[in-house]
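Right, one structure below, let's go through it.
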Amino acid sequence: MRAVIQRVLSACVRVDGEVAGSIGRGILLLAGCEKGDTNGDYEWIASKVVNLRIFPSDLPDGGHFEKSLLDLRAEGFGKEGDAAILAVSQFTLLGDARKGRRPSFADAMPVEEAKSAFENFLGALRETGVPVATGVFQAMMEVESVNHGPVTIILDSRKRL
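Numbering of the sequence shown is given in this note's numbering, commencing with residue -6 and proceeding in unit increments.
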């Protein structure tokens, strides 16, 4: 599985003009399922996402990378919708553009398998206790976000990035 996470002040996803999912301060997570992924891959990414220390401390002299989503949740941080994840399925993260001008998606999991795989991944995320909003699998989506930092991290369960 490959994922891109962004620290955001807010994010939402719309399908046909209607909001499908939204969060306040938290993580926008774009995730692509790869052929051969297992529940171990999904659990590794889920654990990494909620434990990464990418949020600033509230102390005036605090660092920019002091707290994780789980830390924020434990502190009762913010308002409704904060310290949450907006997870969006994005198979194009598996695109290989090394040859030619059109990316190859040969490593992306076939859509029939990817839908249930992404649901398994969402289950792993939800087991962490962090609220998870989502887009709509295989829909044409409009994703809006207000990046904070900006902070963007790439994760790959195969390479353990």
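Glycine residues also receive a C-beta, built at the ideal position from the N, C-alpha and C atoms.
Predicted model only: the values in this text are computed from it and were never measured.
Per DSSP, the bridge partner or partners of residue i
i    : result
D149 : R(-5)
C5   : S15 and E137
S82  : A24
S40  : S40 pairs with nothing; no bridge assigned.
Distance between residue j and residue i (C-alpha atoms, nearest Å)
i     : j     : result
E36   : V125  : 15 Å
A101  : R18   : 30 Å
A77   : G14   : 11 Å
G71   : Q131  : 32 Å
F98   : A(-4) : 15 Å
T121  : F58   : 20 Å
D51   : K60   : 9 Å
Q83   : R153  : 19 Å
I(-2) : R94   : 26 Å
I20   : G69   : 16 Å
Beta carbon of residue i nearer than 7 Å to that of residue j
i   : j    : result
L62 : V123 : yes
A67 : L118 : no
E27 : L87  : yes
Neighbourhood of residue i by C-beta distance below 7 Å, restricted to the same chain and skipping five residues each side
i   : result
A80 : L22, A24, L115, L118, V125 and T127
D64 : none
Sequence-distant residues of its chain with Cβ nearer than 8 Å to residue i (five each side left out)
i    : result
D30  : M(-6), M102, A110 and S150
M133 : V8
D158 : Residue 158 lies beyond the range of the chain shown here (-6 to 154); nothing can be said about it.
G56  : P49 and S50
Close-in-space but distant-in-sequence residues of the same chain around residue i (CB under 6 Å, 5 per side omitted)
i    : result
S3   : G17 and V139
V144 : R0 and I47
D34  : M(-6) and S150
G74  : I16 and G17
Below-7 Å beta-carbon distance, residue i vs any chain D residue
i   : result
N32 : Structure shown: chain D not included; a single protein chain is present.
Checklist entry - Given 8 Å as the limit, is there contact between the region 137 to 149 and the region 102 to 113, that is, 3 or more CB pairs closer than that? => result no
Checklist entry - Can at least three beta-carbon pairs, one atom from the region 6 to 15 and one from the region 39 to 52, be found at a separation below 8 Å? => result no
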